[in-house]
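Asker:
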Amino acid sequence: MAGLTGALRKVLLAPSFASVRFAERGFQAAPGPTSTRLEAVPQAVVAGFEWGVEAPPAWELEARLEMVEPELRGFAYEGATMACTVLDVMPGGRRDRTAELLRGPGLPHLFLCYIGIGFAMARLPRPLWKKVLPDLDGVPHHPVMSWLAVDGYGFDRAYFETRRWVDEQREFEPYPWLGAPDYFPRAADQGVGRALWFIHGADPAAVAEAVRRFPERRQPDLWSGVGLAATFAGGCDRVGLTRLREAAGEHHDELALGSVFAVKGRAHSGFVPTHAVDAAAALTDLTVADALDLADRTEPGGDAGATPAYEVWRNAIRESFTVRERRLSA
Numbered sequence: 001m002a003g004l005t006g007a008l009r010k011v012l013l014a015p016s017f018a019s020v021r022f023a024e025r026g027f028q029a030a031p032g033p034t035s036t037r038l039e040a041v042p043q044a045v046v047a048g049f050e051w052g053v054e055a056p057p058a059w060e061l062e063a064r065l066e067m068v069e070p071e072l073r074g075f076a077y078e079g080a081t082m083a084c085t086v087l088d089v090m091p092g093g094r095r096d097r098t099a100e101l102l103r104g105p106g107l108p109h110l111f112l113c114y115i116g117i118g119f120a121m122a123r124l125p126r127p128l129w130k131k132v133l134p135d136l137d138g139v140p141h142h143p144v145m146s147w148l149a150v151d152g153y154g155f156d157r158a159y160f161e162t163r164r165w166v167d168e169q170r171e172f173e174p175y176p177w178l179g180a181p182d183y184f185p186r187a188a189d190q191g192v193g194r195a196l197w198f199i200h201g202a203d204p205a206a207v208a209e210a211v212r213r214f215p216e217r218r219q220p221d222l223w224s225g226v227g228l229a230a231t232f233a234g235g236c237d238r239v240g241l242t243r244l245r246e247a248a249g250e251h252h253d254e255l256a257l258g259s260v261f262a263v264k265g266r267a268h269s270g271f272v273p274t275h276a277v278d279a280a281a282a283l284t285d286l287t288v289a290d291a292l293d294l295a296d297r298t299e300p301g302g303d304a305g306a307t308p309a310y311e312v313w314r315n316a317i318r319e320s321f322t323v324r325e326r327r328l329s330a
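For what it's worth, this note's numbering labels the leading residue of the sequence shown as 1, then goes sequentially.
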């Protein structure tokens, strides 16, 4: 029965390897090494989900995930977290798989694991969302960075329902995530921005044009997502990254903000690939060490009134780039 249940979960909830390919989705990315490498990201997520949804013992799931190459390993943990979240909210059985994963081997990949929770949210009815965030009391960056789950939800919707959320530019309904319903659509838009990087195959001009088609009020959060994806996932050389920065124009501070968060996430995992080093330099004018210092010294101690601590942190990083650019232009 367990095997049959696992098979049904895969069929009903998980995308297939084929379904995440750019050609299958109708994305405009040109075939080649870049799109192949970018496609490996969602494929790693699918692999992690398929391993996790089988509900193996914790040690076995960890052993499988640790076989994935370091650059893609976090994405596999992302998929496994999605699976554990789905299992946790289903009737019957355990309720602690996600917490066990995120307190254990998934801890270095916490930022991406939150995104995996968002992928699960995209496949679960809203009434179940109140059950998806595990109790991680005492874990660094929790629950501040759990807004990345909302980012993951937005990414998933844009990736798999591109016409609705990108072409038609539908807006996300508020939801009281951490008691801040009005911020929910903004965090989801950050995920849409990340998805645009994949949808357009890391082509700076196409990505920039896609962002500009959205209403101006949504563009800052979209640019932040673009910066995060360009740094974390890669896919663009230094020349292309320079063009991306130029295309961001007045929203460069948002692009740089996303890049800093990506460096923070990569460093937290213990592996910062060369493309992330290059992206940080091109998009922020910072070394990895300096980007980490900026992130660490601006991290807030808690919420500031109605503003989520996550946005307080983002504001502080953003402002550092805004101030610097004012000085350079003076």
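Glycine residues also receive a C-beta, built at the ideal position from the N, C-alpha and C atoms.
Which same chain residues end up closer than 7 Å to L61 when comparing Cβ atoms and leaving out the 5 residues on each side of it in sequence?
Answerer: In the sequence shown, residue 61 corresponds to position 61, counting from 1. If we look at L61 and ignore the five residues flanking it on each side, its Cβ neighbours are W51, G52, A80.
Asker: For T231, which three-state DSSP category applies?
Answerer: As a position in the sequence shown, residue 231 is number 231, starting the count at 1. The answer is helix: DSSP assigns T231 an H, G or I state.
Asker: Rounded to the nearest angstrom, what separates E69 and H275 at their Cα positions?
Answerer: Taking the sequence shown and counting its residues from 1, one reaches residue 69 at position 69. Taking the sequence shown and counting its residues from 1, one reaches residue 275 at position 275. If I take the Cα positions, the gap works out to 15 Å.
Asker: Do the segment 258-270 and the segment 220-235 meet, that is, are 3 or more Cβ pairs less than 8 Å apart?
Answerer: The answer is yes - the segment 220-235 touches the segment 258-270, with three or more Cβ pairs under 8 Å.
Asker: What are the start and end residues of each continuous alpha helix (DSSP H) run of 4 or more residues lying completely inside the segment 179-234, in chain order?
Answerer: Correct list: 184-199, 204-212, 219-232.
Asker: Can you say whether T284 is buried or exposed, counting buried as having 16 or more other CB atoms within 10 angstroms of its CB?
Answerer: Translated into positions along the sequence shown, residue 284 becomes position 284. Per the 10 Å Cβ criterion, buried.
Asker: CA-CA distance, Y175 and E319?
Answerer: If you number the sequence shown from 1, residue 175 lands on position 175. If you number the sequence shown from 1, residue 319 lands on position 319. For Y175 and E319, the distance between alpha carbons rounds to 27 Å.
Asker: Please state whether the Cβ-Cβ distance between L358 and R95 is less than 8 Å.
Answerer: Outside the modelled stretch of the chain, which goes from 1 to 330, sits residue 358, for which no answer is possible.
Asker: Within 10 angstroms of its Cβ, does P394 collect 16 or more other Cβ (buried), or is it exposed?
Answerer: Because residue 394 is not part of the residues shown, which for the chain are 1 to 330, the question remains open.
Asker: Based on DSSP bridge pairs, tell me the residues matched to T287.
Answerer: Mapped onto the sequence shown, residue 287 falls at position 287. T287 is not bridged to any residue.
Asker: Considering Cα atoms alone, identify which of L38, V86, G234 is closest to K131.
Answerer: As a working note, residue 131 is residue 131 in the sequence shown. If we check each option's Cα against that of K131, V86 comes out closest.
Asker: Roughly how many angstroms lie between the CA atoms of F27 and G74, to the nearest whole one?
Answerer: Indexing the sequence shown from 1 puts residue 27 at position 27. Indexing the sequence shown from 1 puts residue 74 at position 74. Distance between the alpha carbons of F27 and G74 is about 24 Å.
Asker: Which residue from A291, G249, I115 puts its Cα closest to that of P42?
Answerer: Along the sequence shown, one-based indexing puts residue 42 at 42. The candidate whose alpha carbon is nearest that of P42 is I115.
Asker: Taking the alpha-carbon of G193 as reference, which of L178, G179, Y153, A180 has the nearest alpha-carbon?
Answerer: In the sequence shown, counting from the first residue as 1, residue 193 sits at position 193. The candidate whose alpha carbon is nearest that of G193 is Y153.
Asker: Please state if the CB of W313 and the CB of E325 are separated by a distance shorter than 8 Å.
Answerer: The residue given as residue 325 occupies position 325 in the sequence shown. The residue given as residue 313 occupies position 313 in the sequence shown. No, the Cβ-Cβ distance between E325 and W313 is not below 8 Å.
Asker: Any contact between the segment 194-212 and the segment 22-39? By contact I mean 3 or more CB pairs, one from each, below 8 Å.
Answerer: These segments touch.
Asker: Please list the terminal residues of the continuous alpha helix (DSSP H) segment that includes K264.
Answerer: Translated into positions along the sequence shown, residue 264 becomes position 264. Segment 252-269, the alpha helix (DSSP H) holding K264.
Asker: Does the segment 172-192 come close enough to the segment 211-221 that 3 or more CB-CB pairs lie under 8 Å?
Answerer: With a cut-off of 8 Å, the segment 172-192 and the segment 211-221 count as touching, because enough Cβ pairs lie within range.
Asker: Buried or exposed: where does G3 fall if 16 or more other Cβ atoms within 10 Å of its Cβ makes it buried?
Answerer: As a first step, residue 3 is located in the sequence shown; it is residue number 3 there, counting from the start. Annotation note: pLDDT 45 at G3 (below 50); position unreliable, coordinate value reported separately. When all chains shown are included, G3 counts as exposed.
Asker: Among L178, A306, S19, R212, whose alpha-carbon lies nearest the alpha-carbon of H142?
Answerer: Here residue 142 corresponds to residue number 142 of the sequence shown, with the count starting at 1. Nearest C-alpha to H142: L178.
Asker: Nearest CA to the CA of T34: which residue from H109, F22, V45?
Answerer: Numbered from its first residue, the sequence shown carries residue 34 at position 34. Of the candidates H109, F22, V45, the one whose C-alpha sits nearest the C-alpha of T34 is F22.
Asker: Can you tell which of I117, H251, A44, R126 has the C-alpha that lies nearest to the C-alpha of L148?
Answerer: On the sequence shown, residue 148 is found 148 positions in, with the first residue counted as 1. When only C-alpha atoms are compared, the closest one is I117.
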